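For the sequence shown, the residue numbers in the numbering used here are 75 to 171.
Cβ coordinates follow ideal geometry from the N, Cα and C atoms, glycine included.
Keep in mind it's a predicted model, so treat the numbers as computed, not measured.
Reviewing the structure listed below.
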Amino acid sequence: MSGQVIVVAKIVAKKETVDSVKAECLKLIEPTRKEDGCVRYMLHQSLDNPATFLFVETWASEAALEQHVKTDHLQGFIQALDGQVDELTIDKTVEIA
Numbered sequence: 075m076s077g078q079v080i081v082v083a084k085i086v087a088k089k090e091t092v093d094s095v096k097a098e099c100l101k102l103i104e105p106t107r108k109e110d111g112c113v114r115y116m117l118h119q120s121l122d123n124p125a126t127f128l129f130v131e132t133w134a135s136e137a138a139l140e141q142h143v144k145t146d147h148l149q150g151f152i153q154a155l156d157g158q159v160d161e162l163t164i165d166k167t168v169e170i171a
């Protein structure tokens, strides 16, 4: 695949861990935005359900995304979320129109 890859990652925190999950999400922003191939990396929190967080990411290529997945900061994030979330889904997409 060539071209940009857009990722939408949805995290639903357990009610008692919302603040902790939010803090862990925020820690990812700065180091990830500095990565080669990171075009855009945005974090959103649902107005309807504050336990729901969405990362909307744009990567220059699938290779850049694959490198991101291997970074220490993302691996640490995944470990930090262990036991704190009810749901985690990741959708990789490409723009078609």
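Would you identify the three-state DSSP class for residue i, choosing helix, strand or coil?
{"i": "Leu117", "result": "strand"}
{"i": "Ala87", "result": "strand"}
{"i": "Thr106", "result": "helix"}
{"i": "Ile152", "result": "helix"}
Around the Cβ of residue i, are there at least 16 other Cβ atoms within 10 angstroms (buried) or fewer (exposed)?
{"i": "Ala98", "result": "Rather than Ala, the amino acid found at residue 98 in this sequence is Glu. Result: buried."}
{"i": "Gly157", "result": "exposed"}
{"i": "Glu131", "result": "buried"}
Could you compute how far the alpha carbon of residue i sits from the alpha carbon of residue j?
{"i": "Pro124", "j": "Gly77", "result": "33 Å"}
{"i": "Phe151", "j": "Ser135", "result": "22 Å"}
{"i": "Asp110", "j": "Ala138", "result": "7 Å"}
{"i": "Ile85", "j": "Val113", "result": "21 Å"}
Quick one: measure Cβ to Cβ for residue i and residue j, integer angstroms, because I've assumed they're closer than 8 Å.
{"i": "Ile80", "j": "Glu169", "result": "7 Å"}
Grab me the residues of residue i's own chain with a C-beta within less than 7 Å of its C-beta, minus the 5 sequence neighbours each way, in chain order.
{"i": "Val92", "result": "Pro124, Ala125"}
So, for residue i: in the same chain, excluding its five sequence neighbours on each side, which residues have a beta-carbon less than 6 Å away from its beta-carbon?
{"i": "Asp165", "result": "Val82"}
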